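Residue numbers (my numbering): 1018 to 1761.
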């Protein structure tokens, strides 16, 4: 194909473009490209001179462009689709040919859509139309290069099915702005990434011919995007930023996600004239490309909301700060196709750091007052609704999205029905439920009595003040424990519990007991054990199927409130005798964790009777007991959390840590940071990031080998800064530098 010459413009009445061997009016050229059915004589037509002098009527878009039979969209639907070759498959010539087949069809679609633009908008600015014509000529060149290389790789055009997605999206465009938004700034922008990625991939496997073709495409694709950006900036609302105008101009099923490829080429985008803010926003943007997204919402006060039993619970300032600080933690549970409801989206800098460490980023839906609406979600359907925990408040918030729910998930339909939550779900939150199941475990697993709590130390449930006093007296009669623990049925992370040191109660203890009995109807009373390790097991119930996700070891402070989770090597700091208790065979089980897994399955089995589905975390702890032949026992069911937990978040974070590395995920109070002498959170994070930079593997999706990463946005943290510390020496040096002790 002859080399494309630059466009030559005279007066507006005589715009023209030189190329091949004869003269042609622009509309005639576009008609042949769009409706022609022969690749070589129609789609790759080479006029010498293109003019745009005639006045023409706008056409309506045809159902499909003209194509030879072996490339027609309607006939292609009868063929089995071929998946895009993976990185291993392209080492074979045939699969490299298939890759180019996909690319050639994209070039053909681009030419046909651009021809449609010329015919649909005859009154668009002539320089705009000539710019599109020039782009068509370059797309013809790309297609010819692809076809020639495909033949060398023994693949013919039409050999595998072609996709009509581009055509279905763009043929409905209503204006030139729609075209530059959807084609230039979306599909062609993504092609900057794809052409560069596959060029480099071809170089790695020594296919230099294909790499050279992709390099040509890459460089010229930047020019195509630049043409689109130029006209987008002329057509768009000047009161909006380039990014705001782009997002508001896109129409379903497109989203900014479609403007990105496998990699993200910032340099190419800058060369194409995209603004720095646009590039930043796009780099951390995510949205589903087709799968109905799952919706996530962080409501850490769910236990308190459950206790109240109705909408309208107002949490204290600390809990509200936790909600604002940690709502972004749901991103570690969600995937890149999902949506997180939040009052404020995390900052670009924070999200970029997470993305650079290999974490997938979801889509964010912001509303300062949690006044979300279904129309705020661009997707037509949603897959499931996932609050941190089901409660009257989260049911109210999630109910507005029920109209978009796809499929028939019994639990997610029932949760919105009258009294289902009160009768089926609320009782599962109660510590009374865990206490009752613990007694059943003691009976059903009698052969494990050597490691389970002694019968007389099992939790007791008191429904009135007298029963409470009797239970306290029973514990102190054992003459084994210095304290006993009183727990309200509803309360989380060390809240709503009291320790008492004798049967003689003071006024504050009496007042607290009577208040809880009045508000919640019961109390759970148990000994204060000599605890040596906290463990949790995470699982989920989905359509009556249980998936065991794994266990973590967590750390609490003196008040029993959550402090950290060890997510690398979990037992390195424990004494040898305790490590043996955890990992040596016990009775019929290969180790304690195998028994813990069986208990998780036992709990899941019982939860199903309440028709519960969703995430669950069960907490247990190991305590010293000289009477046990092992020297330890395990309170195998301390709490049941029918919701997401920090242990679940930690488990998901651990997937991005290099295997074998020591790591701890800590919740550090802002007050402790400021108390350690740092002037501000910014001062703290700057020093820590400089002192302990993240060291990663060199994978396409890296793993963290060492360093410190903040896992909620430091720029907006008011109460808690969640911090991932990878490496034993890093933890040691961090503690020495800050004097903030995470592990005793």
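C-beta: ideal position from N, C-alpha, C; glycine also. In this text the structure is predicted, and so the values were computed from the model without any measurement.
For residue 1294, the enclosing alpha helix (DSSP H) starts and ends at 1293-1300.
Around the beta carbon of residue 1618, fewer than 16 other beta carbons lie within 10 angstroms, which makes this residue exposed.
Taking a 10 Å sphere around the C-beta of residue 1758, we find fewer than 16 other C-beta atoms and assign the residue as exposed.
If you draw a straight line from the Cα of residue 1057 to the Cα of residue 1208, it comes to about 24 Å.
Every beta strand (DSSP E) stretch that sits fully inside the stretch 1525-1549 and reaches 3 residues is listed by chain position as 1540-1544.
Taking one beta carbon from each stretch, the stretch 1078-1088 and the stretch 1143-1151 have fewer than 3 pairs nearer than 8 Å; the two do not touch. Residue state for residue 1236 is assigned as helix, using DSSP reduced to three classes. By the CB criterion at 7 Å, residue 1078 and residue 1188 fall inside the cutoff. In the assembly as shown, residue 1211 is a buried residue. Its beta-carbon has 16 or more other beta-carbons within 10 Å. The C-beta distance from residue 1183 to residue 1123 rounds to 7 Å, short enough to fall under 8 Å.
Selection 1633, 1421 and 1321 evaluated against residue 1312 yields 1421 as nearest (Cα-Cα). If you draw a 10 Å sphere on the C-beta of residue 1676, you find fewer than 16 other C-beta atoms in it, and that means exposed. Of the other Cβ atoms in all chains shown, 16 or more fall within 10 Å of the Cβ of residue 1642; this residue is therefore buried. The shortest C-alpha to C-alpha distance from residue 1141 to any of 1177, 1479 and 1194 is the one to 1194.
Short of 8 Å from the beta carbon of residue 1275, and not among the five residues preceding or following it, lie these beta carbons of its own chain, in chain order: 1203, 1204, 1207 and 1306. Residue 1566 and residue 1258 have their C-alpha atoms roughly 44 Å apart. Contact annotation: residue 1358 and residue 1314 have beta-carbon atoms nearer than 7 Å. Exclusion of the five residues before and after residue 1323 leaves 1408, 1443, 1446 and 1507 as the residues of its chain whose Cβ lies within less than 7 Å of its Cβ.
Here DSSP, grouped into helix, strand and coil, assigns residue 1455 to helix. When secondary structure is reduced to three states using DSSP, residue 1404 falls in the strand class. The three-state reading of DSSP puts residue 1684 in strand, counting E and B together. Looking at the backbone, the Cα of residue 1721 and that of residue 1283 are separated by about 23 Å.
Residue 1501 is not a Cβ neighbour of residue 1529, given a cutoff of 7 Å. The way I'd put it, the stretch 1661-1681 does touch the stretch 1734-1749; three or more beta-carbon pairs between them come closer than 8 Å. Excluding residues up to 5 positions away in sequence, 1294, 1295 and 1298 lie with their Cβ nearer than 7 Å to the Cβ of residue 1260 in the same chain. In this structure residue 1200 does not touch residue 1240 by the C-beta definition: roughly 14 Å separates them, more than the 8 Å allowed. Under the three-pair Cβ rule at 8 Å, the stretch 1396-1404 does not count as touching the stretch 1642-1656. The stretch 1589-1600 makes contact with the stretch 1630-1649: 3 or more CB pairs, one atom from each, lie closer than 8 Å.
For a cut-off of 8 Å, the C-beta gap from residue 1110 to residue 1171 is around 7 Å, short enough to register as a contact. A distance below 8 Å between beta-carbons, with the five flanking residues on each side excluded, links residue 1531 to the following residues of its chain, in chain order: 1482. DSSP places residue 1335 inside the alpha helix (DSSP H), whose first and last residues are 1334-1343. Non-local beta-carbon contacts of residue 1352 in its own chain, meaning distances under 8 Å to residues more than five positions away in sequence, involve 1311, 1377 and 1379 in chain order. Going by DSSP, residue 1465 is part of no alpha helix (DSSP H) at all; its letter is neither H nor E.
The Cβ-Cβ distance between residue 1564 and residue 1664 does not fall below 7 Å. Between the C-alpha atoms of residue 1605 and residue 1583 there is a straight-line separation of about 27 Å.
Take residue 1627, set aside five residues on each side of it, and the residues of its chain with a beta-carbon closer than 8 Å to its own are 1441, 1442, 1444 and 1445, in chain order.
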